[in-house]
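Participant: Have a look at this one.
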Ligand SMILES: [Zn+2]
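Residue numbers (UniProt numbering): 1 to 113.
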C-alpha cells in the first residue's frame, strides 16, 4: 500500500493563543511542540465492478414477502423464488407484494500507472 507519513505541522501556530487543538501558552511545552499527526494516502484511481471472473461467486437469489417478511431459501436458480411465492401465497392469500434479493460478487482494484 502506498502510504506516506507527513509529520510536518500544517501551519506554524504554535505561539498563537488557543489553536484548533486547544493548545495555548498554559499547555506544557512538550505538548505545544508536538506536531499534529497526519497521514497522507497516495491518490490513485480504483475501479469497482461486478466480478465476472471465472472463479467469481455465483449469483444467488431469494424472495421476501413484503407483508410478513418471510423469505425463501437462497438459491442459484433465479426461478426458485417464484416457486416459493406460489407456495407462500397459497397459505397467505392476502400477501401480494414481494422483493427479490440478488447477491453477486464485486471486485475492486487499483489502477496501475
Ligand atoms: Zn407473507
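For each residue, glycine too, the CB sits at the ideal point set by N, CA and C.
Computed from a predicted model, the values in this text were never measured in an experiment.
Extract the residue ranges of the alpha helix (DSSP H) inside the region 25 to 86, only unbroken runs of 4 or more that lie entirely within it.
Facilitator: Counting only runs of 4 or more, we get 29 to 32.
Participant: Can we count residue 82 as close to ligand 1, meaning its CB is less than 7 Å from some heavy atom?
Facilitator: As a first step, residue 82 is located in the chain shown; it is residue number 82 there, counting from the start. For ligand 1, not one heavy atom lies less than 7 Å from the Cβ of residue 82.
Participant: Check whether the region 44 to 56 and the region 82 to 91 are in contact - that is, three or more C-beta pairs closer than 8 Å.
Facilitator: Contact between the region 44 to 56 and the region 82 to 91 is absent, because fewer than three Cβ pairs lie under 8 Å.
Participant: Looking only at DSSP bridge pairs, what is residue 99 linked to?
Facilitator: Within the chain shown, the letter at position 99 stands for residue 99. Beta-bridge pairing links residue 99 to 64.
Participant: Closer than 6 Å is what we want: which residues have a beta carbon that near any heavy atom of ligand 1? List them in chain order.
Facilitator: Working through the chain, the matches are 65, 67, 68, 70, 88, 92, 95.
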